[in-house]
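Here is the structure we will look at.
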Amino acid sequence: MNEEEIDEFVKKLIPQLALKEKVYLMSGHQFYKTLLKDRKIGVRPYSAGGVKRFGIPPFMFTDGPRGVIIPGSTCFPVSMARAATWDIQLEEEVGEAIGKEARAHGANLYGGVCINLLRNPAWGRAQETYGEDPCLLGEMGAALVRGVQKHNVMATIKHFVANSIEFSRFKVNVLMDERTLREVYLPHFKRCIDEGCATVMSAYNKLRGEYCGHNAYLLRKILKNDWNFQGFVHSDWMHGVYNTVKGINGGLDVEMPRAKYYGRRLIKAIKNGLISSELIDDSVVRIIHTTLKFTTKQDSQMYHSDLIGCEQHIQLARKVAEKSMVLLKNENNILPFDINKIKKLAIIGKLADLKNTGDHGSSYVRQRNIVTPLQGIKNHIGDAFDTIYNDSSNRKNALKLAKDVDAAIIVVGYTYKDEGEYIKQYPRKVGDRLDINLKSKEIQLIKAISQVNPNFVVVLVGGSAILMKEWKDEVPAILMGWYSGMEGGNALADILFGKINPSGKLPFTVPKDASHLPYFNAHIDEIEYGYYHGYTKFEKENLEPDFSFGFGLSYTQYEYKNLHIETINEEIIANVEVTNKGKRAGEEIVQLYVGFENSHIDRPIKLLKGFKRVSLEPNETKKVQIELNKKDLAWYNPESKSWEIEKIKYSIYIGPSSKFEDLLKTEILIN
Ligand code: BGC
Numbered sequence: 006m007n008e009e010e011i012d013e014f015v016k017k018l019i020p021q022l023a024l025k026e027k028v029y030l031m032s033g034h035q036f037y038k039t040l041l042k043d044r045k046i047g048v049r050p051y052s053a054g055g056v057k058r059f060g061i062p063p064f065m066f067t068d069g070p071r072g073v074i075i076p077g078s079t080c081f082p083v084s085m086a087r088a089a090t091w092d093i094q095l096e097e098e099v100g101e102a103i104g105k106e107a108r109a110h111g112a113n114l115y116g117g118v119c120i121n122l123l124r125n126p127a128w129g130r131a132q133e134t135y136g137e138d139p140c141l142l143g144e145m146g147a148a149l150v151r152g153v154q155k156h157n158v159m160a161t162i163k164h165f166v167a168n169s170i171e172f173s174r175f176k177v178n179v180l181m182d183e184r185t186l187r188e189v190y191l192p193h194f195k196r197c198i199d200e201g202c203a204t205v206m207s208a209y210n211k212l213r214g215e216y217c218g219h220n221a222y223l224l225r226k227i228l229k230n231d232w233n234f235q236g237f238v239h240s241d242w243m244h245g246v247y248n249t250v251k252g253i254n255g256g257l258d259v260e261m262p263r264a265k266y267y268g269r270r271l272i273k274a275i276k277n278g279l280i281s282s283e284l285i286d287d288s289v290v291r292i293i294h295t296t297l298k299f300t301t302k303q304d305s306q307m308y309h310s311d312l313i314g315c316e317q318h319i320q321l322a323r324k325v326a327e328k329s330m331v332l333l334k335n336e337n338n339i340l341p342f343d344i345n346k347i348k349k350l351a352i353i354g355k356l357a358d359l360k361n362t363g364d365h366g367s368s369y370v371r372q373r374n375i376v377t378p379l380q381g382i383k384n385h386i387g388d389a390f391d392t393i394y395n396d397s398s399n400r401k402n403a404l405k406l407a408k409d410v411d412a413a414i415i416v417v418g419y420t421y422k423d424e425g426e427y428i429k430q431y432p433r434k435v436g437d438r439l440d441i442n443l444k445s446k447e448i449q450l451i452k453a454i455s456q457v458n459p460n461f462v463v464v465l466v467g468g469s470a471i472l473m474k475e476w477k478d479e480v481p482a483i484l485m486g487w488y489s490g491m492e493g494g495n496a497l498a499d500i501l502f503g504k505i506n507p508s509g510k511l512p513f514t515v516p517k518d519a520s521h522l523p524y525f526n527a528h529i530d531e532i533e534y535g536y537y538h539g540y541t542k543f544e545k546e547n548l549e550p551d552f553s554f555g556f557g558l559s560y561t562q563y564e565y566k567n568l569h570i571e572t573i574n575e576e577i578i579a580n581v582e583v584t585n586k587g588k589r590a591g592e593e594i595v596q597l598y599v600g601f602e603n604s605h606i607d608r609p610i611k612l613l614k615g616f617k618r619v620s621l622e623p624n625e626t627k628k629v630q631i632e633l634n635k636k637d638l639a640w641y642n643p644e645s646k647s648w649e650i651e652k653i654k655y656s657i658y659i660g661p662s663s664k665f666e667d668l669l670k671t672e673i674l675i676n
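Note that the sequence shown ends on residue 676 in this note's numbering; no numbers are left out.
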C-alpha cells in the first residue's frame with residue numbers, strides 16, 4: 006500500500022476497532038512467556054502491537070547496535086568503532102546487512118540505532134553510540150536507519166534523550182538549558198527523524214524532572230509537533246513508564262515489552278475519563294500507519310535464513326573493522342611490521358586470546374565464531390616465523406619473552422566486565438567504568454616492556470576513550486583496536502603487517518586527565534549537563550588533549566591545499582585539494598569545521614559540520630567538495646524560541662583532524 010492508501014485504510018479502520026483492540030496495539034505481548042520458554046534473553050524477536058481481526062501484523066522487536074542479537078547473526082564492530090570509520094556508505098551497508106538478518110529472523114523492528122551523545126567515556130554503554138559530536142552521530146545514525154529500513158524493518162532511534170549514565174539510568178534527573186538541549190543533545194535525533202526513522206525509544210532517565218517516557222515537552226512538543234514526527238514512540242524496556250495517565254499524556258504510544266501500566270490499566274483509565282480518546286486514537290493511527298508502511302511495501306528480495314551470518318556479511322564486518330582502527334602513534338614508522346625482518350614475534354596480554362566483542366547486555370550478539378587478535382595474527386603469518394603467546398599473568402615470564410623477540414604486540418584494555426549495560430538481575434559488575442585508565446597491572450607491564458624491547462605496539466581494546474598520559478611517551482606505537490566484531494583479529498593483523506593502511510579517526514577527544522572531562526558520577530540522582538563537552542569544552546577552556554577529536558594517523562601522509570568557498574543561494578560549498586604524498590595508497594577522512602570566533606553570543610570555538618572519506622593512490626590528488634547549508638550555521642535562541650543565523654564572518658576550517666595546527670582556514674561573510 007502507498008501512503009494515501011494506508012491513510013484511507015486507517016481512517017476507515019479506527020471506528021471499527023474495539024477499545025480492547027486499540028489498547029492491545031499499544032504494548033508488548035507475552036514477554037515473560039517467551040523468556041520462560043527460552044530461559045534466556047534475545048533468542049527470538051519480542052512481539053507487540055497487531056490486530057488479528059483486521060490483519061494488522063504485530064511488530065517483532067530485536068536489538069542490538071553491533072548486529073542482530075539473535076544467535077548466529079553477524080557480529081559487527083561496536084558502533085563507536087564504526088563511528089571511527091566516518092564512512093556513511095559503509096554504515097548504510099552495515100544497516101542493510103542487519104536489516105536482512107533481522108528479516109531472516111522474523112523481526113521487523115530493530116532497536117539498535119543508539120545515538121546518545123558521549124559526554125564522558127566512563128559511561129558504560131559508550132560503545133553502543135557514535136561518539137561525542139552531534140554531526141557525526143546524526144550522519145552515522147541516519148545511515149544505519151537508511152540501511153535497515155531498505156529491508157522494510159522499522160528502525161528505532163534510542164534513547165530519547167540524555168541517556169549517558171548507566172548505573173543511575175532508572176532514576177537520574179538530567180538538567181540542561183534550552184540551548185544545550187536543542188543544539189547539543191537533540192540535533193542527531195532530528196537528523197534521523199528527517200531521514201524517515203520509523204520509531205523512537207524513550208529513555209529511562211528523567212529530563213528536567215520528568216521521566217522521558219512521560220515527557221510531553223520532549224515527545225509531544227518537540228518530537229511530534231516541532232519535528233512533525235509521524236511514527237510512534239515506544240518505551241525502553243522494564244522501567245520506561247511508571248504511570249498510565251502520565252505515559253499517554255506524555256506522548257508515549259507503546260509500552261514495552263509488556264502491558265504493565267498500559268493494557269488493563271489503560272482501559273480502566275479511559276473508561277474513568279482520565280484519558281481522552283483522541284490521544285488513544287492518535288497513538289493507534291501512528292502505530293497502524295507505521296506498521297503497514299513497512300509490512301505492506303514490496304520486498305526487494307527474499308529473506309532466507311542462510312543470510313544470517315553469511316560470508317558476505319562476515320566480509321563486511323572485516324572491512325568495517327579494518328577501516329575503524331585508529332593509529333594513534335607510530336614513532337619511527339615502526340608499523341607496519343615487516344614480515345621479512347621478523348623471526349620471532351611475541352603476542353602478550355590475556356585480551357589477545359579472548360573472544361571479546363563488547364557488552365553482554367542488550368547489545369550482545371550471540372556469535373561463536375570470533376577471530377581473536379591471536380588467531381588473526383596466526384592466520385595472517387601462517388608459519389612464516391615463530392609467534393609466541395603469553396597471557397601476561399606472570400609478568401616476569403612476559404618480560405623475558407618480550408626481551409627475546411624481534412617485535413611484540415601487547416593487547417590491553419577492557420571487556421564486558423569493565424563496561425557495558427548495567428543489568429540488575431546479574432550479580433556481576435557491569436555498567437559504568439570505575440576508571441578510565443588501563444589497569445595498573447597493564448600499565449606496569451607496558452612500562453616494563455618498553456625497557457627491554459623498543460619494537461612493540463600497544464593495541465587498545467575498549468568502547469571509548471582510555472587515558473594514556475601515564476605511559477604514552479614510553480611506547481613507540483599505539484593502535485585503538487576497539488571491540489572489533491567477529492573478524493576483528495583478522496583486521497588487526499592486516500593493519501599491523503601492512504596489508505591494510507589504517508584510516509580510522511577518533512570520534513571523541515582523549516584527555517590527558519579525567520578532570521578535564523565533564524563531571525561524571527554513576528550513582529547520582531540529579532546532574533546538570535552543560536553546553537560544552539568533548540572538543541568544544543577543550544577548545545573553550547584551552548585544555549590540551551592527548552589526542553584530538555578526529556585524529557588518526559596513516560602509513561602514508563596527506564597534504565591539503567587550495568581551500569576555497571563558493572556560495573550558491575543557501576548552499577556553502579567548500580573545495581579543497583588533498584594529495585597522497587607517501588608511497589602507499591590510503592583513505593583520508595577530510596573534516597570541515599565552522600568557526601564562530603566572531604559570534605556576539607557564547608558559542609563553541611568551532612563545530613564539525615561536514616566530512617568525507619576519500620581514497621588516494623600514491624601521488625594522487627583529489628578535489629574534495631563538502632557542502633553545507635546556511636541553516637547549519639544557526640544557533641537556537643531560547644528567547645525567540647527559534648533557530649537564528651548570525652550575520653557575521655564565519656571561519657571555515659578543513660583538514661585531517663580538529664587540531665587547529667592541522668587545519669586550513671578561510672572565512673565567509675553571511676549578511
Ligand atoms: C536497553 C535498551 C534495549 C532494551 C531491550 C533496555 O534495557 O536500555 O537499549 O533496547 O533493553 O533489550
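Beta carbons are placed, not taken as given, at the ideal position from N, Cα and C, and that holds for glycine.
Helix, strand or coil at residue i [DSSP, three-state]
i, result
"Phe665", "helix"
"Asn402", "helix"
"Ser421", "Looking at the sequence shown, residue 421 is not Ser but Tyr. Correct three-state label for Tyr421: coil."
"Gly69", "coil"
"Phe554", "coil"
"Met159", "strand"
"Gln562", "coil"
"Thr249", "helix"
"Trp242", "coil"
"Gly591", "strand"
"Glu677", "Here the chain has residues from 6 to 676 only, and residue 677 is not among them."
"Arg49", "coil"
"Lys105", "helix"
"Asn547", "coil"
"His294", "helix"
"Gln372", "coil"
Residue i CB to nearest heavy atom of ligand 1 below 7 Å
i, result
"Ser367", "yes"
"His176", "The sequence given here places Lys at residue 176; His does not occur at that position. No, since every heavy atom of ligand 1 falls outside the 7 Å radius drawn around the Cβ of Lys176."
"Asp68", "yes"
"Gly425", "no"
"Trp91", "no"
"Asp241", "yes"
"His164", "yes"
"Gly218", "no"
"Gly116", "yes"
Candidates the options, of which the one nearest residue i by Cα
i, options, result
"Ala357", "Tyr190, Thr392, Leu333 and Glu336", "Thr392"
"Gly152", "Leu142, Glu98 and Ile657", "Glu98"
"Arg184", "Met243, Gly493, Pro609 and Asn676", "Pro609"
"Tyr135", "Asp530, Thr514, Glu632 and Arg213", "Thr514"
"Lys566", "Gly100, Met145, Val595 and Asn506", "Val595"
"Gly60", "Ser662, Val15, Ile93 and Ser305", "Val15"
"Gly467", "Gly100, Met85, Lys38 and Asn574", "Met85"
"Ser553", "Phe543, Gln562, Thr561 and Tyr560", "Phe543"
"Asn345", "Gly503, Ser663 and Leu612", "Gly503"
"Ala88", "Ala274, Gly381, Glu144 and Asn526", "Glu144"
Close beta carbons around residue i, own chain, < 8 Å, minus the five adjacent residues each side
i, result
"Ser240", "Met206, Ser207, Gly218, Val246, Gly252, Leu257, Val259, Glu260 and Met261"
"Ile505", "Glu327, Ala496 and Asp499"
"Val118", "Pro70, Gly146, Leu149, Val150, Val153, Ala160, Thr161, Ile162, Lys163, Cys197 and Cys202"
"Ala479", "Reading the sequence as shown, one finds Glu at residue 479 and not Ala. The residues are Ile451, Lys452 and Ser455."
Residue-chain proximity (residue i, chain C), Cβ-Cβ < 8 Å
i, result
"Arg108", "Of the protein chains in the structure, only one exists, and it is not chain C."
Close Cβ partners of residue i (< 6 Å) along its chain, the five nearest in sequence each way excluded
i, result
"Leu558", "Leu332 and Asn335"
"Tyr267", "Met31, Ser32 and Glu260"
Nonlocal neighbours in the same chain, by C-beta distance under 7 Å from residue i, ignoring five residues either side
i, result
"Ser78", "Gly72, Glu106, Ile313, Gly314, Val370 and Gln372"
"Trp476", "Ile448, Ile451 and Lys452"
"Leu321", "Glu98, Val99 and Ala102"
Inset, instruction - Would you check if there are 3 or more beta carbon pairs closer than 8 Å linking the region 541-548 to the region 583-590? - result: No, the region 541-548 is not in contact with the region 583-590.
Legend entry - Inter-stretch contact at 8 Å, needing at least 3 Cβ pairs: the region 237-250 / the region 299-310: No: fewer than three Cβ pairs fall under 8 Å.
Inset, instruction - Spell out a yes or no on whether the region 140-155 and the region 42-50 are touching, meaning 3 or more CB-CB pairs, one atom from each, closer than 8 Å. - result: In this structure the region 140-155 does not touch the region 42-50; the number of beta carbon pairs closer than 8 Å is below three.
Inset, instruction - Determine, using beta-carbon pairs with one atom in the region 28-36 and one in the region 324-339, whether at least three such pairs fall under 8 Å. - result: Not touching, per the Cβ criterion.
Legend entry - At least three beta-carbon pairs within less than 8 Å, the region 343-361 to the region 411-422: The region 343-361 is in contact with the region 411-422.
Legend entry - Stretch pair the region 114-127 + the region 65-74: three plus CB contacts closer than 8 Å: With a cut-off of 8 Å on Cβ pairs, the region 114-127 is in contact with the region 65-74, counting three or more such pairs.
Legend entry - Contact between the region 119-129 and the region 520-532 (3+ Cβ pairs under 8 Å): Because the criterion of three Cβ pairs below 8 Å is met, the region 119-129 and the region 520-532 touch.
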